[in-house]
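S.K.: In our numbering, the protein residues as written are 1 to 397.
We treat Cβ as the ideally placed atom computed from N, Cα and C, and that holds for glycine.
This is the structure, below, for whatever I ask next.
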Amino acid sequence: MNKKTIEDVEVRGKKVLVRCDFNVPQDSEGNITDDTRIRGALPTIKYLMANGAKVILMSHLGRPKGVGYEKKYSLKPVADRLSQLLNSNVYFAEDGDVVGENAKKISAGLKDGEVMLLENLRFVKGETKNDKEFAKKLASLGELYVNDAFGTAHRAHASTAGVAEYLPAVAGYLIEKEISVMGKALNNPDRPLIAILGGAKVSDKIGVINNLLEKVDKLIIGGGMAYTFVKAMGMEVGKSLLEADKIDYAKEMIEKAKSKGVKLLLPVDTVVAKEFKADAEHSVVDINSIPADAMGLDIGPKTIELFEKELKGAKTVIWNGPMGVFEMPAFAVGTRAIAKALSEIDGTTIIGGGDSASAVKQLGYADKMTHISTGGGASLEFLEGRELPGIAALNDK
Ligand code: ADP
Ligand code: MG
Numbered sequence: 001m002n003k004k005t006i007e008d009v010e011v012r013g014k015k016v017l018v019r020c021d022f023n024v025p026q027d028s029e030g031n032i033t034d035d036t037r038i039r040g041a042l043p044t045i046k047y048l049m050a051n052g053a054k055v056i057l058m059s060h061l062g063r064p065k066g067v068g069y070e071k072k073y074s075l076k077p078v079a080d081r082l083s084q085l086l087n088s089n090v091y092f093a094e095d096g097d098v099v100g101e102n103a104k105k106i107s108a109g110l111k112d113g114e115v116m117l118l119e120n121l122r123f124v125k126g127e128t129k130n131d132k133e134f135a136k137k138l139a140s141l142g143e144l145y146v147n148d149a150f151g152t153a154h155r156a157h158a159s160t161a162g163v164a165e166y167l168p169a170v171a172g173y174l175i176e177k178e179i180s181v182m183g184k185a186l187n188n189p190d191r192p193l194i195a196i197l198g199g200a201k202v203s204d205k206i207g208v209i210n211n212l213l214e215k216v217d218k219l220i221i222g223g224g225m226a227y228t229f230v231k232a233m234g235m236e237v238g239k240s241l242l243e244a245d246k247i248d249y250a251k252e253m254i255e256k257a258k259s260k261g262v263k264l265l266l267p268v269d270t271v272v273a274k275e276f277k278a279d280a281e282h283s284v285v286d287i288n289s290i291p292a293d294a295m296g297l298d299i300g301p302k303t304i305e306l307f308e309k310e311l312k313g314a315k316t317v318i319w320n321g322p323m324g325v326f327e328m329p330a331f332a333v334g335t336r337a338i339a340k341a342l343s344e345i346d347g348t349t350i351i352g353g354g355d356s357a358s359a360v361k362q363l364g365y366a367d368k369m370t371h372i373s374t375g376g377g378a379s380l381e382f383l384e385g386r387e388l389p390g391i392a393a394l395n396d397k
């Protein structure tokens with residue numbers, strides 16, 4: 001990786017401003033229902049504490065209006081959970097204007113190894129506008145900036161990009177892992193490199209398909225987006241998810257794969273139902289025999305066998321997009337089979353995309369993968385080959 005990390009700079013005695021992704025799910029009473037993201041930030045925070053930094057954490061949570069304090073979006077519950085996880089007090093600066101009285105007072109009094117958390121960055125409109133004045137205010141609290149929030153790295157906000165103009169800026173462990181694993185897979189992979197794409201829509205993945213076709217040895221397409229490709233091949237798809245305005249694009253990509261020598265694999269059979277319902281009656285049909293009144297909701301058994309065979313011997317696999325409507329158990333079979341196939345691969349396996357990550361976790365294969373990206377949108381933009389503003393802003397080695 002060509003960006004500096006926390007290990008490349010002196011942190012002892014310094015006020016270190018760390019952008020985390022504490023955007024955790026909560027129930028209606030504000031209880032945190034999944035603290036994975038808080039746990040994900042612990043390695044960076046613990047390193048900074050152990051090395052005598054004064055740690056000032058910041059994050060957004062949800063979508064507040066940007067006009068000051070809103071209890072519903074306060075980071076107070078995160079501060080409490082973080083205190084428990086660190087087994088150490090985390091000071092919380094309860095300021096509606098984020099860099100307010102409390103934040104200034106607490107940060108000025110921090111001792112080496114102590115930790116504080118600022119209030120929700122998005123209480124201030126300037127955050128998402130990447131406002132210079134707000135970025136300067138944030139920067140005024142610290143002497144060094146660390147970005148460890150991969151999930152927002154694709155956004156140029158005051159806390160992800162703007163602040164880096166006023167402080168030395170380095171990557172935390174989470175971001176470092178994301179860009180080293182995914183960067184290697186895209187730029188210098190162990191081959192064969194195979195991408196599996198699925199999920200809902202071609203239109204969400206235009207840039208991903210296009211960029212991956214430049215890199216991979218094989219491209220496997222399943223999920224909802226496959227039917228637009230099936231249609232592009234001249235077959236009928238009934239009531240399956242179809243983006244009529246993307247058929248030409250699909251044809252272009254089929255041609256591109258040919259000209260690049262990339263083996264492109266589409267489903268050969270599919271599980272169809274007449275209704276989009278968990279308990280809908282379903283059956284398997286060949287891909288060229290989808291009835292006019294039915295929709296494909298999962299890949300079929302022959303397709304599973306084909307994809308499994310094509311995955312054998314892969315040295316790097318990038319997977320984005322479930323193979324079917326995995327939220328309904330009857331249509332999770334294909335996604336589960338692919339997750340299992342990946343778990344048996346002797347090589348690097350990378351999961352990108354929000355729903356793909358939850359599918360792999362839900363199906364129990366999370367710990368069998370090399371890397372599950374922590375940022376849905378950010379990982380997609382990374383796979384598109386785009387430079388993420390939150391990473392571009394960090395200092396080069
Ligand atoms: P990711 O978040 O991993 O990038 P997407 O958001 O593109 O993935 O796609 C996930 C969604 O795609 C899931 O909600 C899943 O139900 C849906 N999906 C997968 N296959 C189909 C299908 N055949 N028909 C309709 N929806 C599908
Ligand atoms: Mg999604």
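Does the beta-carbon of G364 have 16 or more other beta-carbons within 10 angstroms, so that it is buried, or is it exposed?
M.R.: So G364 ends up on the exposed side.
S.K.: Mapping the DSSP letters down to three states, classify M418 as helix, strand or coil.
M.R.: The shown model of the chain, from 1 to 397, leaves out residue 418, and the question about it has no answer.
S.K.: Find out if the Cβ-Cβ distance for the pair L265, A257 is shorter than 7 Å.
M.R.: No, Cβ-Cβ distance for L265 and A257 is not below 7 Å.
S.K.: Going by alpha carbons, who is nearest to Y69 out of L121, L42, S88, K54?
M.R.: When each option's Cα is compared against that of Y69, the closest is L121.
S.K.: In its own chain, which residues sit with a C-beta less than 6 Å from the C-beta of T349, not counting the 5 before and 5 after it?
M.R.: Contacts found: V317, L342, M369, T370.
S.K.: Take the Cβ of F276 as the centre, count every other Cβ of all protein chains shown within 10 Å, and call the residue buried at 16 or more, exposed below.
M.R.: The residue in question, F276, is exposed, as its Cβ has fewer than 16 Cβ neighbours within 10 Å.
S.K.: At which residues does the beta strand (DSSP E) containing K4 begin and terminate?
M.R.: Premise fails: K4 is in no beta strand (DSSP E) and is neither H nor E.
S.K.: Which residue marks the beginning of the beta strand (DSSP E) containing A139, and which one marks its end?
M.R.: Premise fails: A139 lies in the alpha helix (DSSP H), 132-140, not in any beta strand (DSSP E).
S.K.: Considering only the alpha carbon of each residue, which of I304, K215, A314, D298 lies closest to A332?
M.R.: Closest by alpha carbon: D298.
S.K.: Per the contact definition of three or more C-beta pairs closer than 8 Å, is the region 37-52 in contact with the region 195-212?
M.R.: Verdict: no, contact absent.
S.K.: Given the structure, does V325 come close to ligand 1, in the sense that its CB is under 6 Å from one of the ligand's heavy atoms?
M.R.: Yes.
S.K.: I need the boundaries of the beta strand (DSSP E) containing M369, first residue and last residue.
M.R.: That residue, M369, is in no beta strand (DSSP E); it is neither H nor E in DSSP.
S.K.: How about G375 and G353: are their beta carbons less than 7 Å apart?
M.R.: Not in contact: G375 and G353 (Cβ atoms no closer than 7 Å).
S.K.: Taking just the CA atoms, how far does K184 sit from V90?
M.R.: Distance between the alpha carbons of V90 and K184: 36 Å.
S.K.: Regarding K354 and ligand 1, is the C-beta to nearest heavy atom distance less than 6 Å?
M.R.: Reading off the sequence shown, one finds Gly at residue 354, where the question assumed Lys. Flag set: Cβ of G354 near ligand 1.
S.K.: Provide the residue span of the alpha helix (DSSP H) that contains T303, from first to last.
M.R.: T303 -> alpha helix (DSSP H) spans 301-311.
S.K.: If I follow the unbroken alpha helix (DSSP H) through R39, where does it start and stop?
M.R.: Looking at the DSSP string, the run of the alpha helix (DSSP H) that includes R39 is 36-50.
S.K.: In angstroms with no decimal places, state the Cα-to-Cα distance between G385 and V18.
M.R.: So the alpha carbons of these two residues sit roughly 26 Å apart.
S.K.: Are the beta-carbon atoms of G66 and K125 separated by less than 7 Å?
M.R.: Yes; because the gap between Cβ atoms is below 7 Å, this pair is in contact.
S.K.: Taking 6 Å as the cut-off, does the CB of G199 come closer than this to any heavy atom belonging to ligand 1?
M.R.: Within the cutoff, so yes.
S.K.: Taking DSSP as the reference, what is the three-state secondary structure of I221?
M.R.: The answer is strand: DSSP assigns I221 an E or B state.
S.K.: DSSP three-state call for L213: helix, strand or coil?
M.R.: It is coil, neither helix nor strand.
S.K.: Report yes if the C-beta distance between L75 and L61 is below 7 Å; otherwise report no.
M.R.: A contact, by the Cβ cut-off of 7 Å.
S.K.: What residue does the beta strand (DSSP E) around A93 start on, and which one ends it?
M.R.: Looking at the DSSP string, the run of the beta strand (DSSP E) that includes A93 is 90-93.
S.K.: Could you check how far apart the C-beta atoms of L383 and N188 are, in whole angstroms? I think they sit under 8 Å.
M.R.: Actually they are not in contact, since the Cβ atoms of L383 and N188 sit about 15 Å apart, beyond 8 Å.
S.K.: Does the beta-carbon of T36 have 16 or more other beta-carbons within 10 angstroms, so that it is buried, or is it exposed?
M.R.: Exposed: under 16 other Cβ atoms inside 10 Å.
S.K.: Please report the straight-line C-alpha distance between G207 and G13, rounded to a whole angstrom.
M.R.: The alpha-carbon atoms of G207 and G13 are separated by roughly 44 Å.
S.K.: Quick one: using the 10 Å Cβ neighbour count with 16 as the cut-off for buried, is N320 buried or exposed?
M.R.: Under this definition N320 is a buried residue.
S.K.: With a cut-off of 8 Å on the beta carbons, I'd call D167 and A149 a contact; round off their distance for me.
M.R.: Before going on, a small fix: residue 167 reads as Leu here, not Asp. Wrong, their Cβ atoms sit about 16 Å apart, outside the cutoff.
S.K.: Check whether the Cβ of D204 sits closer than 6 Å to any heavy atom of ligand 1, and report yes or no.
M.R.: At least one heavy atom of ligand 1 is nearer than 6 Å to the Cβ of D204, so yes.
S.K.: I'd like to know whether the C-beta atoms of F134 and A103 end up nearer to each other than 7 Å.
M.R.: Contact flag unset, no.
S.K.: Short of 8 Å in beta carbon distance, which residues of its chain neighbour D269, apart from the five on each side in sequence? Order them along the chain.
M.R.: Counting only Cβ-Cβ distances below 8 Å, and skipping sequence neighbours, we find V284, V285, D286, I287, I299, G300, P301, K302, T303.
S.K.: Should T44 be labelled buried (16 or more other beta-carbon atoms within 10 Å of its own) or exposed?
M.R.: Result: buried.
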